[in-house]
Amino acid sequence: AGIALIGLSLYHIIRTLTGVEYAFLDGLDMPELRTRSITVALLVQVVLIPLLLWEYGFAGLIGAIVVAHFVMFVIAQVIFWRKFGTVPLPGGLVTQSASGLMMFVVVEALKGVLGILSVFHLFAIVIVGAIVYVGMLATVDVSFRDVLQSTLRDTDQFF
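Residue numbers for the sequence shown follow our numbering, beginning at -16 and rising by one.
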């Protein structure tokens, strides 16, 4: 179930990023670009689903769908690069991914060392993970740090 949740999370993130880009292209009256990339993604799925489903079962099915949507995402990036000379990645994506990866490493290490013997252990590990994520994000992302400082300043006015 864990692999399925991770795969579906990746699928949702990729689909959200891709949807915004293709909505922009549709607004510029270029729907054929979306249609072509959907066709390519469908061909990727037709090839990968039987292969990965046979080899890995349900996880393979999810992997094939994630890969197909990632191909569609890459196509959107190429289209934007060729048409507009830019790649429209949302701000903070890299820093949030790095912070999430750091949190994952710390949480997995704590789980391996301490184990999850009770709900209190689980709660403590989740709290540490949240602290690592926010701390890392505040360290590497200037815009997040500015929002955090502004929020803390505004909160100070109420007390």
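Cβ coordinates follow ideal geometry from the N, Cα and C atoms, glycine included.
| Asked | Found |
| --- | --- |
| Heavy atom of the ligand SAH within 6 angstroms of Leu100 beta-carbon | Because no ligand of any kind appears in the structure shown, any question about the ligand SAH cannot be addressed here. |
| Beta-carbon spacing of Phe87, Ile(-3) below 7 angstroms | no |
| Contact check, Leu36 vs Gly46, beta carbons under 7 angstroms | no |
| Segments assigned alpha helix (DSSP H), at least 4 residues, entirely inside the segment 7 to 65 | 14 to 39 |
| Coil, strand or helix - Asp124 by DSSP | coil |
| Straight-line gap, Ile143 to Ala(-13) (C-alpha atoms, nearest Å) | Given a span of -16 to 142 for the chain in the structure shown, any question on residue 143 remains unanswerable. |
| Local conformation of Ile(-14) per DSSP, three classes | helix |
| Reduced DSSP category for Thr69 - H, G, I as helix; E, B as strand; rest coil | coil |
| Of the listed residues Lys94, Ala113, Val117, Gln60, nearest to Leu0 (C-alpha basis) | Gln60 |
| Cutoff 7 angstroms; reference Ser20; Cβ partners in own chain excluding five residues on either side | Met55, Ile58, Ala59 |
| For Ile99, three-class secondary structure by DSSP | coil |
| CA-to-CA distance, Leu11 to Trp64, given in whole angstroms | 15 angstroms |
| C-alpha gap between Pro14 and Val49, whole angstroms | 22 angstroms |
| Nearest candidate by alpha-carbon position, reference Ala51, set Ile32, Gln79, Val77 | Ile32 |
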